[in-house]
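Heads up: the first sequence at position 156 corresponds to 672 in the working numbering, and the numbers run straight through without jumps. Notes follow the structure.
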Amino acid sequence: MGLRLHNTLSRRSEDFHPLEAGRVGVYGCGPTVYGPAHIGNFRAFLFYDLVHRYLEWKGYQVRFVMNFTDVDDKTIQAALDDGVSLQAYTDPWIDRILEEADVLGIRRFDLHPRATDYVEEMLELVQRLLDRGLAYTTEDGSVFYDISAFPAYGQLSGRDLDQARTGERVSADEYGKDDVRDFAVWKGVKQEDEEVGAAWDAPWGRGRPGWHLECSAMALAEVGETLDLHIGGEDLIFPHHEDEIAQSEGATGQPFARYWLHVKHLRVEGRKMSKSLGNFITVGQLLDEGVFPAAIRHQLLSSQYRSELNFTRDGLEASTRAVKRLLAFEDRIREHPVAPDAPPTSLLALSDEATEGFTRAMDDDLNSAGGLAALFVFVNRVNAVLDEVPALDPGERDRAIRVLESLDSVLGLLEVGRRSRIVDASLREWVEERIRARTSARDRKDWGAADTIRDELAERGIVLEDGAGGTRWKWEEDAG
RNA sequence: GGCGCCGUGGCCAAGUGGUAAGGCAGAGGACUGCAAAUCCUCUAUCCCCGGUUCGAAUCCGGGCGGCGCCUCCA
C-alpha cells in the first residue's frame, strides 16, 4: 500500500500518484518576513520538512520550493517604520528564520525564493491575465482579477460565491474594484512603496505585486505549471490558495496543483496564537530558555498535521524525556557487544516490524504520531532483547542500527538531539581520566573517594552512569 | 449567519465496524556499594442519550462541550 494524502480539493484521502512517476514537485507557502517566525510558523515548516524527508525516504526524486514573502503591506510598513529599504529590513529576518529552521533540523529545501526576485515573472503573469481578459486595470494603475471570469473559483475552499459577504470591513473602493470579491494582482504605486524601494515599472503602471500573485509566479517558475503538491497553513485555503488557483490556471490553462495539503494551526497553552494577537512564542525564545531543540521537534511531530496541536511547556518536558530515551537507546545498541557465534534473536523481525509500522502510519496521510509510536515500540522491544543477551550477532545489530537510522532520517530526532552533545577533545580526555581514577577507587571499594570524583564531575554538569560495560558520562542537561 | 473540525487513561496522542498503539507522569519489582540508565508488571470500554449491527471508540440521529476559517496571518 502506498502513500495516501488528504487532499483539500476533494476533502478526502486519495492515493498519491505524482504526474510523472518517481518525481514530485512541491511548493510550500513560506512566511511573510516582517518579524520573527513564531512556533506556529514552525509547525508548518516542520511539516514541510516531514513531507520532504518522507517523499525522499519513499524513493521519490523531489523538487521542493518554499518561498519568502518579502513584499506586502506589512513588510513595507515595517521598513517604513524603521526608515530602511525593504530589502534591508527583510534580509535579517530571512536569515534568522533559516537559522532557527536549521536548529530544528528542518533541512533546506531545493530553493527558497524571495518574491522580490521574481518581479519579472509576475509582470508576465499579469500580462497573460490581461491578455486573456481575466483581469482589468483601474485608474490608479492597479490590476484586479475578475472572479466572474473564472467559474471554478471557490472549488478549493468549498464556498459559494453568491453567499460571500460583500462590503463590510473591506475597503472595496480603495483601489477601485468592480466587485469587492475581485482581488489585486498588482497594486498601483503609493508614496510609501517608493520610499522603501517597493515599486516596479509595469506597462499598466508603476506599482507592486499582489500577495497571491507572488506565490503563483514563484511556483510556476520554479516547480512547473502543474504542481504535484501544494502545502500551506489552513488559514491560506481562502483566499490565498483560491486566488493562486484562479491566477495560475487562468494564465496557463493547466491544473495548478493536484494535491493540496493544509496544516492545522497550533495553540499555545490552550490558547489560540496569532501574530495579530501578539501572543506568539518564537523558537529563539525557547532556545534562549534552554529548551532542547529536539524536544521542540518532537512535540511538533507528536500529533498528525491535520489535528490540533496544543504546544505547552509540560509537553516540552515530556518530549525532552522522550528524545533522551531515544538517545540513550541509540548509545546502548551501538555499544552492545557483538560476537560471531551469538545466538539469533528477534532483532531482524523487530526491525521489519518497525519499518512496516512506521510506513503504515506515515503512508496514512503522514501520521507522524503513529510513526513515532512505531519507533518507540521498536525501542522497547529491542531493549528487552539487549537485556537478555550478552552479545549480539553483528549482522543483527547492524540491521537494527540501520533501521533506527532509517526511521530517524525522516523523524530527525536523533539527528537534532545528538548535536547538543558535542564535546571538545581535551575535555573528553580529562573526564575519562577522572572516570579511570574513580573506577580504581571503586575497585578498592573506596566509596568515599569514588563519590568525591563523581561530585567533582557533577559540579561541571557531568553525570556518570555505571553499567556492565563500564562507566559512561553525559552532560547533565542531556541526561534522563 | 455560511463552511468545517474536534471531544480516547492524570497530561499528550494513535486507532474509523471485531473487542483500546505510543510518549510523559504514577505505583510495585529486577538490577546497583549508593545512584543513574535499562527492563518487567500494573492503571481507560473511548463526552452524554438514542439508533443501526451478531458486534461500534469507530456508522446514523439528537444533546452538551471545545475550536477553526469566512479579514493580514503557517
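Where is the CB? At the ideal position from N, CA and C, for every residue including glycine.
**Message:** Using a Cβ-Cβ cutoff of less than 6 Å, which residues in the same chain neighbour E981 once the five nearest sequence positions on both sides are dropped?
**Reply:** R988
**Enclosing beta strand (DSSP E) for E981 [first to last residue]** = I978 to G983
**Message:** Which complete alpha helix (DSSP H) runs does the stretch 826-868 hold, if anything under 4 residues is left out?
**Reply:** 829-851
**Request:** Mind the definition here: the stretch 906-922 touches the stretch 856-870 only if three or more C-beta pairs lie below 8 Å; say whether that holds.
**Result:** Contact check between the stretch 906-922 and the stretch 856-870: three or more CB pairs, one atom from each, fall below 8 Å, which counts as touching.
**Asked** Taking one C-beta from the stretch 651-663 and one from the stretch 697-704 each time, how about it: are there three or more such pairs within less than 8 Å?
**Response** yes
**Prompt:** Can you tell me whether DSSP reads H728 as helix, strand or coil?
**Reply:** helix
**Request:** Would you identify the three-state DSSP class for M734, choosing helix, strand or coil?
**Result:** Residue state, collapsed to three classes: helix.
**Asked** Which residues in the same chain have their Cβ closer than 8 Å to the Cβ of D751, if we skip the five residues on either side of it in sequence?
**Response** Taken in chain order, the residues that qualify are H781.
**Proximity to T828 [Cα-Cα], best of R837, F874, R787 and L843** = Checked all of R837, F874, R787 and L843; the closest Cα to T828 is R787.
**Asked** According to DSSP, which residues form a beta bridge with H522?
**Response** S529
**Prompt:** If you compare alpha carbons, which of R648, A773, E949 and D607 is closest to D662?
**Reply:** R648
**Request:** Can you say whether E904 is buried or exposed, counting buried as having 16 or more other CB atoms within 10 angstroms of its CB?
**Result:** With a threshold of 16 other beta carbon atoms within 10 Å, E904 falls short and is exposed.
**Item:** Exposure label - N896; buried when at least 16 CB within 10 Å
**Value:** exposed
**Request:** For L562, collect the residues of the same chain with a Cβ closer than 8 Å to its Cβ; drop the 5 residues on either side in sequence, then sort them by chain order.
**Result:** L620, I622, R813, L816 and L817
**Inter-stretch contact at 8 Å, needing at least 3 Cβ pairs: the stretch 550-562 / the stretch 760-771** = no
**Request:** Compute the distance between the beta-carbons of L535 and W776, then report whether it is under 8 Å.
**Result:** no
**Item:** Runs of alpha helix (DSSP H) wholly within the stretch 876-941 (minimum 4 residues, chain order)
**Value:** Counting only runs of at least 4 residues, the stretch 876-941 fully encloses the following alpha helix (DSSP H) elements, listed from N- to C-terminal order: 884-904, 910-927 and 929-935.
**Request:** With DSSP as the reference, label Q577 as helix, strand or coil.
**Result:** strand
**Prompt:** Hey, quick one: how far does the alpha helix (DSSP H) through W609 stretch, first residue to last?
**Reply:** L602 to V619
**Message:** Distance check for M789 and R685, CA to CA, integer angstroms please.
**Reply:** With a pLDDT of only 38 at R685, under the threshold of 50, the placement of this residue in the model should not be trusted; the figure read from the coordinates follows. Approximately 22 Å, taken between the alpha carbons.
**Prompt:** When you compare only the Cα positions, how much space is there between P719 and V779?
**Reply:** 38 Å
**Message:** Measuring only the C-alpha atoms, how far is A735 from L743?
**Reply:** For A735 and L743, the distance between alpha carbons rounds to 8 Å.
**Prompt:** In whole angstroms, what is the alpha-carbon distance linking W991 and A916?
**Reply:** If I take the Cα positions, the gap works out to 26 Å.
**Prompt:** Can you pull the DSSP bridge partners for E536?
**Reply:** R539
**Request:** Return the first residue and the last residue of the beta strand (DSSP E) that G986 is part of.
**Result:** G986 to W991
**Message:** I'd like the list of long-range same chain contacts for F666, defined as Cβ closer than 8 Å, with 5 residues on each side in sequence excluded.
**Reply:** So the list reads L650, A762, E765 and G766, once near-sequence residues are dropped.
**Request:** Work out the CA separation of P859 and G930 for me, nearest whole Å.
**Result:** Note that residue 930 is Leu in the sequence shown here, rather than Gly. Looking at the two C-alpha atoms, the distance is approximately 29 Å.
**Message:** Do L843 and L891 have their beta-carbon atoms positioned less than 8 Å apart in this structure?
**Reply:** no
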